Amino acid sequence: MMTVNIRQQGGETIMAIPPHVMKKLDIDVGEPLQLELTSESFIVHPIHERARHHRKRLTIKELLQGVSSREMAKLNKQTKWAREGDSRGRELA
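The structure is reproduced here in C-alpha cells:
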C-alpha cells in the first residue's frame, strides 16, 4: 500500500500517480480511468484502449489502397515544394 496526496490545481482536485504505478498499469498521461465507488473508498481501473497502443503496422500499399492516380497526382503537385530545392536550415540531404 502507498500514500499519495490530493492537491488543488486551478479548479481541479488532483491525485498524483507515481511513475512506477503508471508503468505497472501500462497507462500514460491523458488516458481515461474508470472510478468505482464503494461505501467508504474508491477503486481506479485503467481503461485500456488497446487499438491505440497496439495498432497493426500497415504497408505503403495498404495505406494507399483506394487512392486514385488522379488523387496521387494532385498530392504530388501540392507537395512538390517539399521535395525540391535547396536546404533552408539544418536538414539532412
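So for the sequence shown, the working numbering puts the first residue at 113; every next one is plus one. The beta carbon of each residue, even a glycine, is placed where N, CA and C say it ideally should be. Since the model is a prediction, treat every value here as computed from it, not as a measurement.
Q) Is the beta carbon of residue 158 less than 8 Å from the beta carbon of residue 175? A) Position 46 of the sequence shown, counting from 1, holds the residue named residue 158. Position 63 of the sequence shown, counting from 1, holds the residue named residue 175. Taking the C-beta atoms as reference points, residue 175 is found no nearer than 8 Å to residue 158.
Q.
Checking the sheet assignment: what are the DSSP bridge partners for residue 119?
A. Position 7 of the sequence shown, counted from the start, is the residue given in the question as residue 119. DSSP, once it has assigned bridges, lists 126 as partnering residue 119.
Q: Leaving out five residues on either side along the sequence, give the residues of the same chain with a beta carbon under 7 Å from the beta carbon of residue 144.
A: Start at 1 with the first residue of the sequence shown, and residue 144 comes out as number 32. Same-chain partners within the cutoff: 159.
Q: Report the three-state DSSP secondary structure of residue 159 (helix, strand or coil).
A: On the sequence shown, residue 159 is found 47 positions in, with the first residue counted as 1. In this structure, residue 159 counts as coil in the three-state DSSP scheme.
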